[in-house]
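What follows is one structure encoded as structure tokens, with my remarks underneath.
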Amino acid sequence: MALYVVTPSDLHDYINQPLHDSTEPPMELDLLITGGTVIDPSQNIHEVREIGISGTQIVDLESLDSYSAKKTLDASGQIVTPGLIDLHAHVYKRHVPISIDADATSLAGGVTTVLDAGSAGSYNFEGFKHDVIDRVDTEVLGLVNLSCIGLVAAHYGELMDARYADPDGVVETIRRFPNQAVGVKIRAGAHIIGSGQQGWDNFKKAVQAARDSETWLMIHIGECPMALPEMIPHLQPGDCITHCFKGGSTTVLNEAGRIHSELATARDNGIIFDIGHGFGSFQWEIAEAAVEQGFIPTTISTDLHLMNLHGPVFDMPTTMSKFLHLGVSLDDVVDMSTTQPARVLGRAGDLGTLAPGTVADITLLEKHDGQFDYTDSYDQIRTGGEKLTAVGIVRRGELHFNSNRTN
Ligand SMILES: [Zn+2]
85 MALYVVTPSD
95 LHDYINQPLH
105 DSTEPPMELD
115 LLITGGTVID
125 PSQNIHEVRE
135 IGISGTQIVD
145 LESLDSYSAK
155 KTLDASGQIV
165 TPGLIDLHAH
175 VYKRHVPISI
185 DADATSLAGG
195 VTTVLDAGSA
205 GSYNFEGFKH
215 DVIDRVDTEV
225 LGLVNLSCIG
235 LVAAHYGELM
245 DARYADPDGV
255 VETIRRFPNQ
265 AVGVKIRAGA
275 HIIGSGQQGW
285 DNFKKAVQAA
295 RDSETWLMIH
305 IGECPMALPE
315 MIPHLQPGDC
325 ITHCFKGGST
335 TVLNEAGRIH
345 SELATARDNG
355 IIFDIGHGFG
365 SFQWEIAEAA
375 VEQGFIPTTI
385 STDLHLMNLH
395 GPVFDMPTTM
405 SKFLHLGVSL
415 DDVVDMSTTQ
425 PARVLGRAGD
435 LGTLAPGTVA
445 DITLLEKHDG
455 QFDYTDSYDQ
465 IRTGGEKLTA
475 VGIVRRGELH
485 FNSNRTN
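When you line the sequence shown up against the working numbering, it's residues 85 to 491, in that order.
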């Protein structure tokens, strides 16, 4: 193999070469999306503009003198955003009973990146990588469950037997698969991690695994054996509390109906609060009180799995629409579903953006006006005036329309 040495004169020639050679034919894009309203919070963009794609990448159209396109998509009337990132779902299909198909549900929901929230633990993460991550079109990343078996038998409580807690295995798994295993997960309900000292022991092991692996911890809050403010001193910026608008005995509100001051401070200091809507983890009363008090979560996610896919969650756009109903602006809702989750994943500037040079992961949405019923996880309904639906996605430059669309 010849070694090519770059000399100072090469660099001089490179730096001084003209940006555009007029003899060059115009660049032919593989896909040009025209007419859509582009909302990209990572670049503070909210305007009608064209998006060009060459191969798997977004192209800077402003730097091109002229271009043509093999395929042009007229997205007039649609909203064009960075590919949606669902920060909490379960996609270890055929192994973990509640799991859904990553590609089918992502396409229907306008999602291009999914974070699987701890379906696999140290004993089965390699299988998750082999059978799902390496085979699907969707970008799937995973959190490693503190329980070595993950959620294979979640209904029994994966950490009720303390022997299943495997912090060393979590750290080893993250070291083996650093591009796929991106953090640690614990479901911190008392019927999962145990109550009293056993609950605290499991909680602290999960925290330690996150520190030792130099990643971050996602804590599912259920009916926890400790109060939420008691957890906070153990967390650091980048750690995440999911199901943050759940009802029940453990909520973000204190007895006076106010946000726990420790949580508001934690949010200001960089602790991530994630929705993780799920089957039992989003209550309108909590969400309304929190948003009214200015406590806006960091990220919107679904906790999509087989038990909530057909309601009340359905998909990301439905979950996003619930935040429009709560009075959060469309730009912020998009931010909470693209740029913010990319930041949580340590992928800002790579995912959750339409910046030139990044992977062409794009979502096409429509916003409908009308009357739409939105059900929380406690059978409470609110009627909203706006509804987002997914028209399709571009994943790594490849355009896919959502054939499940009903409106
Ligand atoms: Zn979950």
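Here a beta-carbon is modelled for each residue, glycine too, at the ideal position from N, C-alpha and C.
Item	Value
Contacting residues, own chain, Cβ-Cβ under 6 Å from K177 (five flanking each side not counted)	S183, D185
For R431, the nearest candidate out of L199, I217, N229 (CA to CA)	L199
Cross-strand partners of C328 (DSSP beta bridge)	In DSSP, C328 forms no bridge with anything.
DSSP-derived helix/strand/coil call for G411	coil
CB contact flag (H239, G360, <7 Å)	no
Nearest candidate by alpha-carbon position, reference F357, set T402, R427, G411	R427
Chain-ordered list of residues that sit, by beta carbon, closer than 5 Å to a heavy atom of ligand 1	A201, D387
Residues that DSSP places opposite T156 in a beta bridge	L116
Local Cβ density within 10 Å of P401, reported as buried at 16 or more and exposed below that	buried
Neighbour-count burial assignment, H389, 16 or more Cβ in a 10 Å radius	buried
Per-residue DSSP class, three states only, for K177	coil
Residue environment, N128, which counts as buried when at least 16 other CB atoms sit within 10 Å	exposed
Member of T473, P440, D460, T467 whose CA lies at the smallest distance from the CA of Y192	Per the sequence shown, the amino acid found at residue 192 is Ala instead of Tyr. Of the listed residues, the one whose Cα sits closest to A192 is T473.
Host beta strand (DSSP E) of F212 (start-end)	Not the beta strand (DSSP E): F212 falls in the alpha helix (DSSP H), residues 209–212.
Close Cβ partners of R133 (< 6 Å) along its chain, the five nearest in sequence each way excluded	V122
V255 vs S203 beta-carbon contact at 7 Å	no
R479, DSSP secondary structure in three states	strand
Which residues DSSP lists as bridging N229, in chain order	G205, K269
Residue burial classification, P309 (beta-carbon count within 10 angstroms, cutoff 16)	buried
Segment contact, 8 Å Cβ cut-off, at least three pairs: the stretch 430–444 with the stretch 137–149	yes
Those residues which DSSP pairs with I169 across a bridge	T197
Proximity below 7 Å, CB of A249 to CB of K213	no
Sequence-distant residues of its chain with Cβ nearer than 6 Å to S160 (five each side left out)	G119
Cβ contact check for the stretch 223–234 and the stretch 446–464: 3 or more pairs under 8 Å	no
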